[in-house]
Amino acid sequence: MPMRRGEPASTRPTPLRPAPDGLPRLLPADTRAPQGLREHLARHGFVPYRDARLQLAADLRAAGLTGRGGASFPAYRKLEAVAGARGRPFVVANGAEGEPASSKDASLLWLAPHLVLDGIQLAAEAVGAQEACLYLHDGQGDQIAASLRRVLTERWLARIDRVPVRLAGAPPRFLAGQETALVNVLNGGLALPSFTPPRVFERGVGGAPTLIQNVETLAHMALIARYGAGWFRQVGTRAEPGSMLATIRHADGMVRIVEAAVGTPLRDFLEADFGTDGTHGTAQAVLAGGYHGTWLPARDAARLTLDNAGLRAAGASVGAGVLAALPASSCGLAETARVVRYLALESAGQCGPCLNGLPRIADGLAVLAGPRPGARVRADIERWAGLVSGRGACHHPDGSVRFVRSALTVFAAELRRHERGVCSASSRQPFLPLPADEPARDEDWS
Amino acid sequence: MKKQLRVNPIECSGHGACAELLPEMISLDEWGYPLIDPRPVPPALQRRARRAVSNCPVLALHLNRLS
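Respectively, the protein sequence lines represent chains A and B.
Going letter by letter, the first sequence gives residues 0 to 445 in numbering that gives the first Met the number 0.
Going letter by letter, the second sequence gives residues 0 to 66 in numbering that gives the first Met the number 0.
As structure tokens, then:
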């Protein structure tokens, strides 16, 4: 297919191909190999540039697209805020998937890079940016970064991209993708969150109004720009339309990346883990949303759907689309203690309450995970949780506390067993993933 | 005009001067960091609130206009 920079300048591009039916939309049908440029163009056609600012925002608003990075913030509002701010904007595709339990962004960048890169171009056009960057972990994704470097060169030579996109490395930290930390990294600093205001859409990278969108959100934008809001709404719920990528961690250790309609019942993802009603399967509980997320008893989770409206009733949210089914053979308190130790070490250490509170909470949980914890430990953890919540510059303390509180509720019966000196787990094998370079702890040198 | 106290938690290093100067609205947690009453500062306390702000050794306390 001949490619000219700036294909037909229609305001409402007619799709070159009929809109694809069903799912998956983002991921290629064949997931054994990345989708190359030729296949991408055959499936979706050229980037539907609008040659106008903010056209895309109107479509995203009609489509009801929300951010897929965890916060579910309406995508069009970020575009409008950046386009309306003073100065030449900058666009960042956020592929820093600091959440150890999630790998959907890495899968998307590997399998369907062109959709993400189309989305960057369209977002840049919509806000009037002339520079963009793709921010991702370089360690975890050497292969992914190398593939993206090749793809970016290919697109530039084929005159597909109008705005140059550079790759930027995210440090392997939990908070590296937090928006203000990301801006600090791109400005040459450390991955530490800042106190806002100014918000990143006012003053971000190099002082420019900065649009930060998760890579999956950008890929959805690339499809909405082609097939329209009505098409996007063909799946999902009325309040939360479209499809989403989810990382499904089964109780047997299997991990799958799935693209599903928002609002899909959790039992559709975790059939074997739940059994018939959540009590006859291999899972005792489900972690929804990741390490800033919420534990749910398997029997409750089996009745819920994967959308914020459905999960809110149980105090949970979709987050970045992680569902982890904890096997009945594991100890939920031990798993929680391991993860909270990690979260405490991942605190940026800038805010007093988080710096002081999270390590104490982690220590307390380690006691609860052991035999015969003292009666006061749980009360201490609850008091510390109240003291750190809402008192950080970023949401790290709030998210960590949400995770801890849900564990104390869901594993309350197990805690009573621990108090009697009994743990019902048959395995001490760690289940939830943590980065391999997790610092050694509690070593006895005596 | 309604005003609200807000602390920049990154700058705050827990000196505790604010809680001494405005105990009606600021107490300290068990690590010495301020717990601030989120309600608007009553007019009668605004002068002392401004004093607490200017006496913070690291300028972490702010008196913001409430919109």
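Just so it is clear, CB atoms sit at the ideal spot from N, CA and C, and this is done for glycine as well.
In this text the structure is predicted, and so the values were computed from the model without any measurement.
Against chain B, a Cβ distance below 8 Å from glycine 391 of chain A picks out Pro8. In the three-state reduction of the DSSP assignment, methionine 0 of chain B falls in the coil class, being assigned neither a helical nor a strand state. Here tyrosine 32 of chain B carries a coil assignment [DSSP, helix/strand/coil]. Closest option to proline 197 of chain A, judged by alpha-carbon separation, among A/Thr179, A/Asn186, A/Asn213: A/Thr179. With a threshold of 9 Å between beta carbons, aspartate 28 of chain B makes contact with chain A. The Cβ atoms of cysteine 393 of chain A and alanine 347 of chain A lie closer than 9 Å to each other. The Cβ atoms of valine 234 of chain A and valine 162 of chain A do not sit closer than 9 Å to each other.
Exclusion of the five residues before and after alanine 368 of chain A leaves Leu332, Ala333, Ala336 as the residues of its chain whose Cβ lies within less than 6 Å of its Cβ. Beta-bridge partners of tyrosine 134 of chain A (DSSP): A/Asn93, A/Ala167.
Secondary-structure assignment with DSSP links arginine 64 of chain B through a beta bridge to B/Lys2. Measuring C-alpha to C-alpha distances from arginine 311 of chain A to each of A/Ser146, A/Gly86, A/Arg401, A/Glu38 identifies A/Arg401 as the nearest. With the rule of 3 Cβ pairs closer than 8 Å, the region 240 to 249 of chain A counts as touching the region 55 to 71 of chain A. Listed along chain A are Cys350, Gly351, each with a C-beta nearer than 9 Å to that of cysteine 11 of chain B. Between isoleucine 380 of chain A and leucine 364 of chain A, the gap from beta carbon to beta carbon is short of 9 Å.
Residues of the region 329 to 363 of chain A with a C-beta atom less than 7 Å from some C-beta of chain B are Gln349, Cys350, Gly351, Pro352, Asn355, listed in chain order.
With respect to the 9 Å criterion, glycine 320 of chain A and threonine 209 of chain A are not classified as neighbours on the basis of their beta carbons.
Of the candidates A/His291, A/Pro264, A/Val317, A/Ser316, the residue whose Cα lies closest to the Cα of leucine 303 of chain A is A/Pro264. Taken atom to atom, the span from the alpha-carbon of alanine 122 of chain A to that of alanine 51 of chain B is near 45 Å. Ranked by how close their Cα comes to the Cα of alanine 95 of chain A, the residues A/Leu108, A/Ala218, A/Ala80, A/Ala57 have A/Leu108 in first place.
The alpha carbon of proline 358 of chain A has as its nearest neighbour, out of A/Glu258, A/Val338, A/Ser316, A/Arg49, the alpha carbon of A/Val338. In the three-state reduction of the DSSP assignment, glutamine 34 of chain A falls in the coil class, being assigned neither a helical nor a strand state. When CB distances to chain B are screened at a threshold of 9 Å, the residues of the region 180 to 195 of chain A falling below it are Leu191, Pro192, Ser193, Phe194, in chain order. Within chain B, Asp28, Glu29, Trp30, Tyr32, Leu34 have C-beta atoms less than 9 Å from the C-beta of leucine 386 of chain A, given in sequence order.
Threonine 152 of chain A sits exposed, since fewer than 16 C-beta atoms from the chains shown fall within 10 Å of its C-beta. Your pair valine 214 of chain A and alanine 74 of chain A does not check out as a contact, with CB atoms roughly 13 Å apart and the cut at 8 Å. Within the DSSP bridge table, the entry for threonine 246 of chain A names A/Ile256, A/Val321 as partners.
Residues His14, Ala16 of the same chain have their beta carbon placed closer than 7 Å to that of proline 56 of chain B, with the five preceding and five following residues left out of the count.
In the displayed model, serine 399 of chain A falls within a helix according to three-state DSSP.
Counting every other CB atom within 10 Å of its CB across the protein chains shown gives aspartate 50 of chain A a total below 16, marking it as exposed. DSSP places serine 106 of chain A inside the alpha helix (DSSP H), whose first and last residues are 103 to 110. Contact between cysteine 350 of chain A and arginine 390 of chain A holds: CB atoms are separated by about 7 Å, below the 8 Å threshold. Its Cα nearest to that of histidine 279 of chain A, the residue A/Ala301 stands out among A/Ala301, A/Gly289, A/Leu286, A/Glu258.
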